[in-house]
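Peer 1: Chains as they are written, first to last, in the numbering used here: chain A, 180 to 528; chain B, 180 to 528; chain C, 180 to 528; chain D, 180 to 528.
Virtual Cβ for every residue (Gly too), placed ideally from N, Cα, C.
There are 4 protein chains.
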Amino acid sequence: MYSFNNDYSEGACEEIMRAMVETNGMQSGGYGLDEICDEAKKRIKEKLNCTTCDIHFLVGGTQCNQTVIASALRPYEAVIAADGGHINVHETGAIEATGHKVLVCEDRNGKVLSEGVRRIVEAHSDEHMVRPAMVYISDATEIGTIYTKAELQALREVCDAYGLYLYLDGARLAMALVAEDNDVTYEDLARYCDVCYLGGTKCGALFGEAVVIFNDRLKENFRYSIKQRGGMLAKGRLLGIQFRELFRDDLYLKLARHAVAMAQKLQKGMMELGISFATPTSTNQIFPILNDALLQAMKKHYLYQYWGKLDEDRHIVRLVTSWATKESAVDEFLAWLTSYRKQQERNCG
Amino acid sequence: MYSFNNDYSEGACEEIMRAMVETNGMQSGGYGLDEICDEAKKRIKEKLNCTTCDIHFLVGGTQCNQTVIASALRPYEAVIAADGGHINVHETGAIEATGHKVLVCEDRNGKVLSEGVRRIVEAHSDEHMVRPAMVYISDATEIGTIYTKAELQALREVCDAYGLYLYLDGARLAMALVAEDNDVTYEDLARYCDVCYLGGTKCGALFGEAVVIFNDRLKENFRYSIKQRGGMLAKGRLLGIQFRELFRDDLYLKLARHAVAMAQKLQKGMMELGISFATPTSTNQIFPILNDALLQAMKKHYLYQYWGKLDEDRHIVRLVTSWATKESAVDEFLAWLTSYRKQQERNCG
Amino acid sequence: MYSFNNDYSEGACEEIMRAMVETNGMQSGGYGLDEICDEAKKRIKEKLNCTTCDIHFLVGGTQCNQTVIASALRPYEAVIAADGGHINVHETGAIEATGHKVLVCEDRNGKVLSEGVRRIVEAHSDEHMVRPAMVYISDATEIGTIYTKAELQALREVCDAYGLYLYLDGARLAMALVAEDNDVTYEDLARYCDVCYLGGTKCGALFGEAVVIFNDRLKENFRYSIKQRGGMLAKGRLLGIQFRELFRDDLYLKLARHAVAMAQKLQKGMMELGISFATPTSTNQIFPILNDALLQAMKKHYLYQYWGKLDEDRHIVRLVTSWATKESAVDEFLAWLTSYRKQQERNCG
Amino acid sequence: MYSFNNDYSEGACEEIMRAMVETNGMQSGGYGLDEICDEAKKRIKEKLNCTTCDIHFLVGGTQCNQTVIASALRPYEAVIAADGGHINVHETGAIEATGHKVLVCEDRNGKVLSEGVRRIVEAHSDEHMVRPAMVYISDATEIGTIYTKAELQALREVCDAYGLYLYLDGARLAMALVAEDNDVTYEDLARYCDVCYLGGTKCGALFGEAVVIFNDRLKENFRYSIKQRGGMLAKGRLLGIQFRELFRDDLYLKLARHAVAMAQKLQKGMMELGISFATPTSTNQIFPILNDALLQAMKKHYLYQYWGKLDEDRHIVRLVTSWATKESAVDEFLAWLTSYRKQQERNCG
């Protein structure tokens, strides 16, 4: 049973595992105050071409989101997100648990666009309503789509106009950056965002996300916030080790390229077999529409995530690939599909 | 520069590192819903001789504390802790951030005793004050002392009398269980506590703590609380792997025995050199009283944690050992001390 | 300048003012523990025909909502409300500030209907999402519409099916109960709701709302919640005095009848003048659609609440009446409108 | 049964009741945005001799405390208070419910002194602990003592040195200002505090407290905080009416003078009868030490607040007077005590 269920089914890439083992016996300072973390930060700063940002390593994405958002907002302020945004749906109310409302923006193919932000801000006019103060976006989004540079720029402008922070959740940023139709660069992060995080968990690490703070106003005492929200790892160097490796040479994007190539091979192959897609994507998540019979057959051999019912007979499922996805598994899946199709045709013929 | 600064300076014990590498390529379910976690839980239950408890693996101690406490209490309820209790001092207000007051109990050698609990509860008489609803204890405590079975039993009785939960923070439980003067057993956890956690981070793991819930009323929907507080690890099996190894045979206590033996060797050796201790302990943390000159000399060769100033010339420091502490380092430190002493005597002679 | 801006522009009805003055010199217990509050509760229970409910008096509506909701829900649970629900839009995130998400239900003429609740609950399937646990409705709604008995019954059924509490915000309940097309009774509150509040502020009192708890599970320690959320009035008897008067004989509904009669007279009169309405209502809030010229003219003589722009030339405004609205002011407004119309016709003629 | 139980047993002073009745029928804007509130604020500013402060009227003290503190602090910041401080003991954890820790300072006769603040701040050294950011004091304190100008000045200096806000809870400020040994003036509030509130509830009003913000950094969007914490009164002018009257001429202090005179007459009279006091005070709360027999006898005729057991036979009680306390009741109580004493002497003789 091969799993296309998500991009965190396996351990870490071999470079990271090797470094973990090599550094295992050495002593180092706790809580991320060690030389390995420092080296990892240095490499990320070089990659982002930004020397003035602050970098903090946390274990997971929900932790990053709640820590960044609760740290940035005053109690009566709210964060704007897409309807399907991770913070709105899939964090069990972690943001609200820190006291803040998530304002839902109309969803444009998984994305928050500047016009939607503008409408929300203008509808919040006085002290009887929350004050929108931050825009949360994911790139790639929860449905595998990506932002264009122009969209980011427009968001930056609307944020500047209304005094909002722009926060980019980069759990799958690497996959966005290597997508065929992407025009966003590492440098654009500093240019357009106030704060973002670069995902490790879904891109080669055992765990770990790197919060990067560009805006000086968000930097002060951030370590207090990490500790208070439960995100300060005692053996913090474990995060440093992983990001040091990911950002050695081009490893981070190399791993992402493999993930994306595998998903795109799947998508292309399935399209050639006549399968249509809810929203074709260029990253490592794809959303085929499958009829019931195919889904039942597939269930016996493959793990996937059920996404939703389209109509009586058709379902949307999500298939995800990662740095660890075996090309042979992709080929076998396509072969299986082809053979299933032929079988079906015979049955109908 | 050798570090006796804490018990999380190194990586993981070799059994864990090996298992990490071995399982790295396999696929498994996310968020702790996998077979390795199941196996780890089974082993812990056997060790605790309790089949009905629920077990959840989290990454760190502050996460455990905030998740357990916020999940157990109603909004106006408070948790009782010793003045020096980890939740009261060293978690940046993580408990208060979930909305709950920490009520400080008089500290008896680092411990909360039943009489102190009784006094607090009786002083909280009406709806203008918080309602005490849980007692938080650490075993071993933050200053290396341990609870006796009789003390736990008395706490259980006062908790039953007043309708309080008893929660044991076992970040260093293994070290308590192997202390020479300990009479508490694994089985006593289920007998006296409503919930506890068994620490992995400080006892051989890279990270990880196992929350064990004995009281049925605390079990419902605990995974929602984990997720909401940011403690649900995507690759949850990493926690399972570590606890599966720690609870294979006697490894967990074996690692603790080494840690404690090292600290006790240090304590005994220093006492023989005429050094007195703030509170002699029987676990892996020791608290020697050092004069200023010695401290300055020591600083050049060893890392320790500064604990507090006793008077003009004397300081308390904390030395901590772990499963990873090298006996040769302990011997060298004692040798260094001896030679420092001789040097001093010569200078005075 | 006469104000139809809201239903809290004046003080209290004369019966209340008289009772306030009469009782001013007497001594009584603080925090609502006094005989006057007891008497007020007794009268409300008689009116609701329910002897087993608990009643608590609070100062304002947002206080009631945050106290009731935060007291009822566990941390990871959420409350379902209409998009335009007061708790979702007009309380500056007070519910989120207690840690809970407000889940938005599709809005059916200002109301939450059972089918919408069902859809939300079924979309929240696991611990990565909040658990819906309460339905919040307002009767009359924020746009003046009211629930039918059948709708309440259907909500009760869906709540029972999914283990949800039903909470009715009755800031304008009196106005709903006396509406011409209403079929809900006082007794239905106990029959269908777990908890509700009867509004005083908008129906004859200086301030004050009566929280009525029917479900035993919500009763325990509610006074702790009131105190913690800042809602416990020192001179609590002031609330008792007001509700004792409102629930003496039929005063509460009598005041509401006047409010509704005034709004309906306005609505009918405006319709006769050819003005159309966004949603015609049968309570004390009406929502005429006015063209720009009329709005500009009206602005000089009357206060109203601007509700929203319909198109280039047309606006929706809200006019509200209360127990204190003078019939002469209503007549004068209609006369002014008539004369404005004639003027317009002359200008065009 | 006459009550010396607290200073909120009666309604409001006659000037306020008259103004309430007079303004009852007029229409005004909601939520404190009305001319009466403006006038009240103007008068307070004149009294404080400060034109630049912001003033907001809230209903009660706990509301003020939670709103001011939660608005001023970042999530990981804490407020310092005396052990017996109202926010630490008698607000059911309202401050913690907003996410903030209350750090307990050693109590010096009910007061927080600069040296205690310094010790707390210096003990909080890194991100593993909360960051102290505000000092909360009550003047008069919860046990009737008052601050000297020198003490306030020293607190201001330590606050400036460490970057802390100084917040004065003035629930009984009027009684402090008129105490015989007081040397603090209205002007000193602006000089030494960043924010304070002037109590109305305990000094002649039905309810109401005036939050006065001196420090510009605390002013922004304060109305959002009021609304979010449930403290925005719909008919906000009711608060304006009361403070307009209290700050007309010298009424506020005149009422306080009566309250204090009554308590001091009681204290002096009781001392003359040989009764000793826990801490003699110069304000409107007094704390006599009574033996058991006297307490039992007194219980039949007078209400008081039980404060604590001193030893087997002796108890501390609190007697409180207010603007409404009748001098005849004071005289009768002293007469009753005298006659009780004589009776006792006869019995023993």
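Cβ of Gly529/C less than 8 angstroms from any chain A Cβ?
Peer 2: Outside the modelled stretch of chain C, which goes from 180 to 528, sits residue 529/C, for which no answer is possible.
Peer 1: For the stretch 303-315 of chain B, enumerate the residues whose C-beta is nearer than 7 angstroms to any C-beta of chain C, in chain order.
Peer 2: Under the 7 angstroms Cβ criterion, the stretch 303-315 of chain B contributes Glu306, His307, Arg310.
Peer 1: Starting from Ala249/D, find everything on chain A with Cβ-Cβ shorter than 8 angstroms and list it in chain order.
Peer 2: For the purposes of this step, residue 249/D is taken as residue 70 along the fourth sequence, with counting starting at 1. Chain A residues near Ala249/D: Pro254.
Peer 1: Using CA atoms only, rank isn't needed, just tell me which of Val357/A, Met205/A, Val374/A, Ala273/A is closest to Ile316/A.
Peer 2: Residue mapping note: residue 316/A aligns to position 137 of the first sequence, counting from 1. Per the Cα distances, Val374/A.
Peer 1: Which bits of chain C does His279/A rub up against, with CB to CB less than 9 angstroms?
Peer 2: If you number the first sequence from 1, residue 279/A lands on position 100. Within chain C, the residues near His279/A are Gly272, Glu275, Ala276.
Peer 1: Closest Cβ-Cβ distance between Ser207/C and chain B: below 8 angstroms?
Peer 2: The sequence position of residue 207/C within the third sequence is 28, counting from 1. Chain B contact via Cβ: absent.
Peer 1: Got a sec, what are the start and stop residues for the alpha helix (DSSP H) Ser404/D sits in?
Peer 2: For this step, residue 404/D is matched to residue 225 along the fourth sequence. Where Ser404/D is concerned, the enclosing alpha helix (DSSP H) stretches over 401-407.
Peer 1: Assess, as a yes-or-no matter, whether the stretch 434-447 of chain D is touched by the stretch 459-467 of chain D under the definition of 3 or more beta carbon pairs within less than 8 angstroms.
Peer 2: The answer is yes - the stretch 434-447 of chain D touches the stretch 459-467 of chain D, with three or more Cβ pairs under 8 angstroms.
Peer 1: In the stretch 446-493 of chain B, which residue ranges form an unbroken alpha helix (DSSP H) of at least 4 residues, counting only runs that do not cross its ends?
Peer 2: Runs of the alpha helix (DSSP H) inside the stretch 446-493 of chain B: 471-478.
Peer 1: With respect to the alpha helix (DSSP H) encompassing Arg222/D, which residues constitute its N-terminal and C-terminal limits?
Peer 2: Position 43 of the fourth sequence, counted from the start, is the residue given in the question as residue 222/D. Counting along the chain, the alpha helix (DSSP H) containing Arg222/D begins and ends at 214-227.
Peer 1: When the Cα of Tyr346/C is compared with those of His307/C, Ser501/C, Met313/C, which residue comes out closest?
Peer 2: Start at 1 with the first residue of the third sequence, and residue 346/C comes out as number 167. Among His307/C, Ser501/C, Met313/C, the Cα nearest to that of Tyr346/C is on Met313/C.
Peer 1: Is Val258/A close to chain C? Criterion is C-beta to C-beta, closer than 8 angstroms.
Peer 2: Counting from one through the first sequence, the residue named residue 258/A turns up at place 79. It does not; no Cβ of chain C falls within 8 angstroms.
Peer 1: Using three-state DSSP, classify Cys382/D as helix, strand or coil.
Peer 2: As a working note, residue 382/D is residue 203 in the fourth sequence. Looking at Cys382/D - three-state DSSP - the assignment turns out to be coil, as it is neither helix nor strand.
Peer 1: Of the residues Asp395/D, Ile420/D, Val390/D, which one's Cα is nearest the Cα of Gln242/D?
Peer 2: Position 63 of the fourth sequence, counted from the first residue, corresponds to residue 242/D. If we check each option's Cα against that of Gln242/D, Val390/D comes out closest.
Peer 1: Taking just the CA atoms, how far does Lys488/B sit from Thr320/B?
Peer 2: Counting from one through the second sequence, the residue named residue 320/B turns up at place 141. Counting from one through the second sequence, the residue named residue 488/B turns up at place 309. Their backbone Cα atoms lie some 21 angstroms apart in a straight line.
Peer 1: Just to confirm, is the Cβ distance from Ala438/D to Trp486/D under 8 angstroms?
Peer 2: Here residue 438/D refers to the residue found at position 259 when the fourth sequence is read from its first residue. Here residue 486/D refers to the residue found at position 307 when the fourth sequence is read from its first residue. Going by C-beta atoms, Ala438/D is not nearer than 8 angstroms to Trp486/D.
Peer 1: Just the chain A side, please: which residues come within less than 7 angstroms of Val268/C by C-beta, in chain order?
Peer 2: Within the third sequence, numbered from 1, the residue matching residue 268/C stands at position 89. In chain order: Met308.
Peer 1: Spell out the partners DSSP gives Ile322/A in its beta bridges.
Peer 2: Your numbering for residue 322/A matches position 143 in the first sequence. Paired residues: none, contrary to the question.
Peer 1: Taking Met441/C as the reference, give the member of Gly264/C, Cys216/C, Val357/C, Asp339/C with the closest Cα.
Peer 2: By 1-based counting over the third sequence, the position of residue 441/C is 262. Nearest of Gly264/C, Cys216/C, Val357/C, Asp339/C to Met441/C, Cα basis: Val357/C.
Peer 1: Between Tyr403/D and chain F, is there a C-beta pair that is closer than 8 angstroms?
Peer 2: Of the protein chains in this structure, namely A, B, C and D, none is chain F.
Peer 1: To the nearest whole angstrom, what separates the beta carbons of Ala251/A and Tyr344/A, a pair I think is in contact under 8 angstroms?
Peer 2: Residue mapping note: residue 251/A aligns to position 72 of the first sequence, counting from 1. Residue mapping note: residue 344/A aligns to position 165 of the first sequence, counting from 1. Confirmed, Cβ separation roughly 6 angstroms.
Peer 1: Between which two residues does the alpha helix (DSSP H) containing Gly419/B stretch?
Peer 2: The sequence position of residue 419/B within the second sequence is 240, counting from 1. Its alpha helix (DSSP H) spans residues 416-425.
Peer 1: In whole angstroms, what separates the C-alpha of Asp217/A from that of Gly419/A?
Peer 2: Taking the first residue of the first sequence as position 1, residue 217/A is located at position 38. Taking the first residue of the first sequence as position 1, residue 419/A is located at position 240. For Asp217/A and Gly419/A, the distance between alpha carbons rounds to 7 angstroms.
Peer 1: Give every residue of the same chain whose Cβ lies closer than 7 angstroms to the Cβ of Glu194/A, excluding the five residues on either side of it in the sequence, and list them in chain order.
Peer 2: Within the first sequence, the letter at position 15 stands for residue 194/A. Answer for Glu194/A: Glu424, Leu430, listed in chain order.
Peer 1: Consult DSSP for Lys433/A and reduce its assignment to one of helix, strand or coil.
Peer 2: Within the first sequence, the letter at position 254 stands for residue 433/A. It is helical.
Peer 1: Taking Cβ-Cβ distances shorter than 8 angstroms, what residues in chain D pair up with Lys406/A?
Peer 2: Locating residue 406/A in the first sequence gives position 227, where the first residue counts as 1. What Lys406/A touches in chain D: Tyr255, Glu306, His307.
Peer 1: Note down, in chain order, each residue of its chain lying with its Cβ closer than 7 angstroms to the Cβ of Arg520/B, except the 5 sequence neighbours on either side.
Peer 2: For the purposes of this step, residue 520/B is taken as the residue at position 341 of the second sequence. The answer, listed in chain order, is Leu452.
Peer 1: For chain C, check one thing: does any of its Cβ atoms lie closer than 8 angstroms to the Cβ of Ala413/D?
Peer 2: Position 234 of the fourth sequence holds residue 413/D. By this cut-off, Ala413/D is an interface position.
Peer 1: Between the alpha carbons of Glu366/C and Arg297/A, how many angstroms are there, rounded?
Peer 2: One-based indexing of the third sequence puts residue 366/C at position 187. One-based indexing of the first sequence puts residue 297/A at position 118. Using only the alpha carbons, I get a separation of about 46 angstroms.
Peer 1: Would you please verify whether the beta carbon of Asn394/D is less than 8 angstroms from any beta carbon of chain A?
Peer 2: Indexing the fourth sequence from 1 puts residue 394/D at position 215. Chain A, which has no Cβ nearer than 8 angstroms to the Cβ of Asn394/D, makes this no.
Peer 1: Would you mind stating whether Ala355/B and Cys229/B have Cβ atoms separated by less than 8 angstroms?
Peer 2: Taking the first residue of the second sequence as position 1, residue 355/B is located at position 176. Taking the first residue of the second sequence as position 1, residue 229/B is located at position 50. Taking 8 angstroms as the Cβ cut-off, Ala355/B and Cys229/B do not qualify as a contacting pair.
Peer 1: Would the stretch 392-399 of chain C and the stretch 258-268 of chain D be scored as touching if the rule is three or more Cβ pairs under 8 angstroms?
Peer 2: Verdict: no, contact absent.
Peer 1: Apart from the five residues on each side of it in sequence, which residues of its chain come closer than 6 angstroms, Cβ to Cβ, to Gln484/C?
Peer 2: Taking the third sequence and counting its residues from 1, the one referred to as residue 484/C is at position 305. Asn184, Arg497.
Peer 1: Which residues share a DSSP beta bridge with Leu498/B?
Peer 2: In the second sequence, the residue the question calls residue 498/B occupies position 319. In DSSP, Leu498/B forms a bridge with Ile465/B.
Peer 1: Give the straight-line distance between the Cα atoms of Arg140/C and Glu256/C, rounded to the nearest whole angstrom.
Peer 2: The requested residue 140/C does not occur in the structure, where chain C is confined to residues 180 to 528.
Peer 1: Shorter than 8 angstroms from the beta carbon of Asn244/D to some beta carbon of chain A?
Peer 2: Here the question's residue 244/D lines up with position 65 in the fourth sequence. So no, Asn244/D is outside the interface.
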